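Student: Residue numbers (the working numbering), protein chains in the order written: chain A, 350 to 572; chain B, 31 to 296; chain C, -15 to 222.
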Amino acid sequence: MEWRWDFTFEILPRMLWATGNTLLAAGIGYLIALVVGLILMLGQRTPYRIVNFIVREVVEFIRSTPLLVQLFFVFFVAPQFGIKLTAWTSAMLTIGLHFGTYLSEVYRGALEGVPKAQWEACRALNFSTAYTYRRVVLPQAFPIALPGMGNYLVGIFKDTPLLATIGVAELMHTANALGAETYRYLEPYTMVGFIFLIISLPAAMGLRRLEAAVAKAQGKVKH
Amino acid sequence: MSSAFFAQADELSDRINAGEPIRLGFATAIPWAYPGDNGEPLGFVNALTLVVLEEMGITNYETSVNEWAGLIPGLQAKRYDIITGGMYILKSRCENINFSDPIGLFGDAMLVPAGNPKGIHNYQDVIKTSATLVTGAGFNTVEAAKKEGVPESQMMLVAGEVEILAAMNAGRADAAVQTFFGAKEHVDKSNGKFEVTDPADMPDWTKNWVGIGMRKSDPEFLAAFNEAMAKVIGGQKWMAATAPYGYTEFQLPGEDASTAFACANR
Amino acid sequence: MALRSCLIPFLQQLGDDVSYWGFFVEYAPKMASGAMTTAMVMGCSALLAAVISLIFGLMRLSQNWGVQAAATVYIEFFRGTSLLVQLYWIYYVLPLMGLTLSPFMSGVLALGLNFGAYGAEIVRGGVQSVPRGQWEAALALNMSPAQRMRRIIVPQTFTLILPPMANLTVELLKATALVALITVVDLMFVAKQINATTWLSAQVFGTALIIYYIMARFALIPFLRWLEVLAARKVGKA
C-alpha cells in the first residue's frame, strides 16, 4: 500500500480541525481535573476521619480502574438514571474526575513537601489556617507541584483518543470516520500519530526544563 | 471435505480444503448479525450464510466480532474470511471487496422519539428542522446523508447500533437513521419511547441489496458460494433459519436483482 | 425535585429489571473468562515491557552515540504518540504492509512497546542514581563494563526502580482495557457485549469496574509489594 499525498492534503483540513477539538478537550478536561484534584485533596484533610477515609477510598477506586471503562460507565449509565449528558460533557466529567485523583496526589505530595517547621512557626505566630495556606504554605508547595501538574496535562492530552469511542469528534474519531468513508487507513492513522508527536515532543521538552528550573530554584532556597 | 468443490483453488478454498474453519466477521447489529453468549453467530444474515455453507458441505466455522467500521479492513487483513454483517452492496465498497449475489432487498428508516415531535421522516426533514442525526461510522447512511445534502455539522457519528440507541436514550440526537430492521429492534427494546418511520418515506435510491462480503482474491470461493446459494435461496431451510429474526419473503431480492447492478448504481 | 426525578428511574431500574444478584449469577462466568484474558494480556505485555525497558534503558546510558540516539528516538516516539494510536496502527495499518498479527498479539505488542518506553526512562533514572562511588569502585576492581553492570549496578538499581515500576504496572493493567477496541475478548469487550444485548449498563460496567479494582488492589499491588520486599532482602544479603 502506497502513501498518497493528494489524499493526505485532501483530509488535512479535517484533521487539523479535529486537532483543535483534541486540544480543546484536553484543556477543558485539565481545568476540571485541577479543581476536582483540589477538592479531593482537601477532602482527605478534613478534621473528620471518616470523611478522609471515604474520600481516600474513592480516589483509590478511580485511580485503579481504566479510564475507558469509566467513560462507558458515565456514557451509558447516566441516561438510564435520567441524567442527560452530551458525549462532550460525559467525556469532560470523566476525564476531570479520573485525572483529578492523580492531581490530588500531586497536591498532597507538594503540601507534604513543605517542611513541618513552617507550619509550626505559623502556629506559633498565631496565623489563621487560611492565612498560613495562602501566604506561607502554598507559595512553597506550588513549585513542588508544578512538574507533576504539567505531567498530567500531557497525560490527559495523550488519553484524549479514548474519547472517540463515545463519539467525541476529536482526532481519532475523525481518523476513524475518514477510514470508514474512504477505506484508507494508512494516511489518517499515521497522521494522527504524527500530530500527537509534534505536539507532545515540545511539551515534554518544556516540562523537562520546568522540572530543572524548579529543582534549581529549590536548591537555592535550601542554601 | 469438499475438495471436489473447488477446481481451481484460491487461498480461502485452500484453507477450507485443508479442513480449517471458515471465519465469519460481523458486528453487533441485531437482528442482522450479532454474537450469542459464547460468540455463536446469530441474526438472519449469519443464519442464511450457515445454510449456504452447509449446502457447500462446510460446517466448520469460527466467528469474529468487530466494530462495524472495522469490518472491511479486517477482511482485507485476513482476520476473517467473509463478512456476514449484512452489508449493503455499494459502489464504494465494491471497489474494495467482492459481494456474493444479493441475499435480500432492504430499506432504511428514521428512529425518532414517540410521536415524532419534529416530524422527521427522511433526510430532507432533517435539513429543514436542523435536527441532529445520529448514525454509525461506516454505515451506508453516512454516504446517503451526504448525497442528500445533510451538513456535516448536523451529523453525529458513533461506533455502531448499540451507541446509536445510547445516543437516542440520552437525547443526544433528535433522530437516528439506520436500517428499518435495526430501528424496529430498537423500538422493541425501548418500551415505546421511540418509533420508527415508514421506510417508504425515505428516498427510493437508498433501498439496497445486501450481500456477503468477500476478498477480491477469493473469486473461486465466491463462485462456489453463489452456486450453492442459488439452490437454497427462498427455500424452506432458508426461510426457517431466518424467520425468527423477522426476515420474510418480502425481503427476498427478486429475480432480476444483481450484484453487478448494485455495484454500478449504488 | 431534581433529585427525585433522578432517583425514581434509579429505583425503577433496581426494581423491575433482573435483580443485581440475578444478573451476577447469569453473567459472572462470562465476565470471569474476560478477566482471565485481561490477566493474560497484562502478563504477556508486562514481560515484553520489562525486557524493552531494560534494553532501551541501558542503551540510553551507552557511551556510543549511535546506540544512545537510537534508544532516545524509540523512547520519545512511543511516549510521544498515544497508546490507542499505536494500537490502531498495529491493528489496521501494519496488515496493509503485509504483517497481520492476531488481535491478541497486536494488543500485547502495542502495550509492550508503549510501556517499555516509559519503563526505559525509569531504568535509566535508576541506574543513574546508583552512587558514583560504586561505579568507581567497580572500575578500581578492574571489572569489565558488562560485569560492572551485571554484578554491581543492576542489583542496586533493582530496589530503586521497583516502586515506580509497580506504579507503571498498575497503569498497564488499566491500559489493557484498550485491547477490547481491537476485538480481543477481554473484560471490557465482554462488558460491552453484555451491554449490547441486555442494556443493563449500570450492572455491567459497574461490575467491570469492581473487577478491575479487585485485580489491581488485591492481586497486582500485593504481588508487586511482595516483589519489592524480596528484592530488598536479596540486595541486603549481597
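All residues carry an ideal CB built from backbone N, CA and C; glycine is no exception. Just so you know, these numbers come straight off a predicted model, no measurement behind them.
Does V180(B) get closer than 9 Å to chain C when you measure Cβ to Cβ?
Tutor: Position 150 of the second sequence, counted from the first residue, corresponds to residue 180(B). It does not; no Cβ of chain C falls within 9 Å.
Student: Closer than 8 Å is the cut-off here; do at least three beta carbon pairs connect the region 118 to 129 of chain B with the region 280 to 292 of chain B?
Tutor: In short, these stretches touch, since the Cβ pair count reaches three.
Student: Is it true that the CB of I127(B) sits closer than 9 Å to the CB of R245(B)?
Tutor: As a position in the second sequence, residue 245(B) is number 215, starting the count at 1. As a position in the second sequence, residue 127(B) is number 97, starting the count at 1. Yes, these two residues count as a Cβ contact at 9 Å.
Student: May I have the straight-line CA-CA distance separating F99(C) from R132(C), to the nearest angstrom?
Tutor: As a working note, residue 99(C) is residue 115 in the third sequence. As a working note, residue 132(C) is residue 148 in the third sequence. Cα to Cα, F99(C) sits roughly 27 Å from R132(C).
Student: What is the rounded straight-line gap between the Cα of V541(A) and the Cα of G166(B)?
Tutor: As a first step, residue 541(A) must be located in the first sequence, where it is residue number 192. As a first step, residue 166(B) must be located in the second sequence, where it is residue number 136. Distance between the alpha carbons of V541(A) and G166(B): 21 Å.
Student: For the alpha helix (DSSP H) that contains V69(C), what are its first and last residues?
Tutor: In the third sequence, the residue the question calls residue 69(C) occupies position 85. Element bounds for V69(C): L67 to Y72.
Student: Within the same chain, show all residues whose beta-carbon is closer than 7 Å to that of L38(C), passing over the 5 residues directly before and after it, in chain order.
Tutor: Position 54 of the third sequence, counted from the start, is the residue given in the question as residue 38(C). The residues are V107.
Student: Give a yes or no on whether the minimum CB-CB distance between K176(C) and chain B is below 9 Å.
Tutor: In the third sequence, counting from the first residue as 1, residue 176(C) sits at position 192. Yes - at least one Cβ of chain B is within 9 Å of the one on K176(C).
Student: Got a sec, what are the start and stop residues for the alpha helix (DSSP H) R45(B) sits in?
Tutor: The sequence position of residue 45(B) within the second sequence is 15, counting from 1. Per DSSP, R45(B) belongs to the alpha helix (DSSP H) from E41 to N47.
Student: Which residues does DSSP pair with R53(B) in a beta bridge?
Tutor: Here residue 53(B) refers to the residue found at position 23 when the second sequence is read from its first residue. E92(B), per the DSSP bridge assignment.
Student: Distance, Cα to Cα, A552(A) vs Q208(B)?
Tutor: For the purposes of this step, residue 552(A) is identified with residue 203 of the first sequence, where counting begins at 1. For the purposes of this step, residue 208(B) is identified with residue 178 of the second sequence, where counting begins at 1. Taking the straight line from one Cα to the other gives about 42 Å.
Student: Assign T443(A) to buried or exposed, taking buried as 16 or more other Cβ atoms, counted over all protein chains shown, within 10 Å of its Cβ.
Tutor: The residue you call residue 443(A) lines up with position 94 of the first sequence. Buried: at least 16 other Cβ atoms inside 10 Å.
Student: Hey, L95(C) and L156(C) are a contact pair by Cβ (cut 8 Å); roughly how many whole angstroms apart?
Tutor: For the purposes of this step, residue 95(C) is taken as the residue at position 111 of the third sequence. For the purposes of this step, residue 156(C) is taken as the residue at position 172 of the third sequence. Between L156(C) and L95(C) the Cβ distance is about 6 Å, and since that is below 8 Å, they are a contact.
Student: Quick one: any contact between the region 156 to 165 of chain C and the region 409 to 426 of chain A, if contact means 3 or more CB pairs under 8 Å?
Tutor: Flag = yes, the region 156 to 165 of chain C and the region 409 to 426 of chain A touch.
Student: Roughly how many angstroms separate the alpha carbons of I46(B) and I52(B), rounded to a whole number?
Tutor: For this step, residue 46(B) is matched to residue 16 along the second sequence. For this step, residue 52(B) is matched to residue 22 along the second sequence. Going from the Cα of I46(B) to the Cα of I52(B) covers about 7 Å.
Student: Note down, one range per segment and in chain order, each beta strand (DSSP E) of at least 3 residues found wholly within the region 86 to 130 of chain B.
Tutor: Segments of the beta strand (DSSP E) lying fully in the region 86 to 130 of chain B: 91 to 95 and 112 to 118.
Student: Taking only the alpha-carbon atoms, compute the straight-line gap between A39(B) and F56(B) and give it to the nearest angstrom.
Tutor: One-based indexing of the second sequence puts residue 39(B) at position 9. One-based indexing of the second sequence puts residue 56(B) at position 26. Cα to Cα, the separation comes out at about 25 Å.
Student: In chain order, which continuous runs of the alpha helix (DSSP H) of length 4 or greater are located wholly inside the region 188 to 227 of chain B?
Tutor: Complete alpha helix (DSSP H) runs here, min 4: 191 to 199 and 210 to 219.
Student: Tell me the rounded alpha-carbon separation between E359(A) and W437(A).
Tutor: The count along the first sequence starts at 1 and reaches residue 359(A) at position 10. The count along the first sequence starts at 1 and reaches residue 437(A) at position 88. Their backbone Cα atoms lie some 27 Å apart in a straight line.
Student: Can you tell me whether V240(B) is helix, strand or coil according to DSSP?
Tutor: The sequence position of residue 240(B) within the second sequence is 210, counting from 1. V240(B) falls in the strand class under three-state DSSP.
Student: Inspect the beta-carbon positions of V426(A) and G6(C) and report whether they are closer than 9 Å.
Tutor: Counting from one through the first sequence, the residue named residue 426(A) turns up at place 77. Counting from one through the third sequence, the residue named residue 6(C) turns up at place 22. Not closer than 9 Å, so no.
Student: Would you give the residue range spanned by the beta strand (DSSP E) that F136(B) belongs to?
Tutor: As a first step, residue 136(B) is located in the second sequence; it is residue number 106 there, counting from the start. First-last of the beta strand (DSSP E) with F136(B): G134 to F136.
Student: Measure the Cβ-Cβ separation of V111(C) and T153(C) and say whether it is below 9 Å.
Tutor: Along the third sequence, read from residue 1 onward, the residue named residue 111(C) stands at position 127. Along the third sequence, read from residue 1 onward, the residue named residue 153(C) stands at position 169. Not closer than 9 Å, so no.
Student: Does E359(A) have its Cβ less than 9 Å from a Cβ in chain C?
Tutor: Taking the first sequence and counting its residues from 1, the one referred to as residue 359(A) is at position 10. By this cut-off, E359(A) is not an interface position.
Student: When you compare only the Cα positions, how much space is there between E60(C) and A200(B)?
Tutor: In the third sequence, the residue the question calls residue 60(C) occupies position 76. In the second sequence, the residue the question calls residue 200(B) occupies position 170. Cα to Cα, the separation comes out at about 40 Å.
Student: Please report whether the beta-carbon of T435(A) lies at a distance below 9 Å from any beta-carbon of chain B.
Tutor: Residue 435(A) sits at position 86 when you count from the first residue of the first sequence. Closer than 9 Å: yes.
Student: Could you have a look at Y534(A) and say whether DSSP puts it in helix, strand or coil?
Tutor: Along the first sequence, one-based indexing puts residue 534(A) at 185. Y534(A): coil per DSSP, three-state reduction.
Student: For Y379(A) versus F491(A), is the C-beta distance shorter than 9 Å?
Tutor: On the first sequence, residue 379(A) is found 30 positions in, with the first residue counted as 1. On the first sequence, residue 491(A) is found 142 positions in, with the first residue counted as 1. Not in contact: Y379(A) and F491(A) (Cβ atoms no closer than 9 Å).
Student: Would you mind stating whether S439(A) and I515(A) have Cβ atoms separated by less than 9 Å?
Tutor: Counted from its first residue, the first sequence places residue 439(A) at position 90. Counted from its first residue, the first sequence places residue 515(A) at position 166. Cβ atoms of S439(A) and I515(A): closer than 9 Å.
Student: Nearest to L83(C) by alpha carbon, out of K108(B), F136(B), G115(B) and G149(B)?
Tutor: In the third sequence, the residue the question calls residue 83(C) occupies position 99. Answer by Cα proximity: K108(B).
Student: Let's see if you can read the secondary structure: which residues bound the alpha helix (DSSP H) around L163(B)?
Tutor: Here the question's residue 163(B) lines up with position 133 in the second sequence. Taken as a continuous stretch (DSSP letters only), L163(B) belongs to no alpha helix (DSSP H), being part of the beta strand (DSSP E) at L163 to G166.
Student: In chain A, which residues lie less than 7 Å from Y72(C) when you measure between Cβ atoms?
Tutor: Position 88 of the third sequence, counted from the first residue, corresponds to residue 72(C). Ordered by position in chain A, the residues that pass the 7 Å Cβ test against Y72(C) are Y538.
Student: Return helix, strand or coil for Y397(A), following the three-state DSSP convention.
Tutor: Here the question's residue 397(A) lines up with position 48 in the first sequence. DSSP places Y397(A) in coil when its eight states are reduced to three.
Student: Who are the Cβ neighbours of A63(B) in its own chain at under 6 Å, not counting the five residues just before and after it?
Tutor: Indexing the second sequence from 1 puts residue 63(B) at position 33. Contacts found: F56, G73, V75, N76, T114, G115 and G116.
Student: Of all the residues that make up the region 494 to 522 of chain A, which are near chain B by a beta-carbon distance shorter than 8 Å?
Tutor: Listed by position, the residues of the region 494 to 522 of chain A near chain B (Cβ gap below 8 Å) are T514, I515, G516, A518 and H522.
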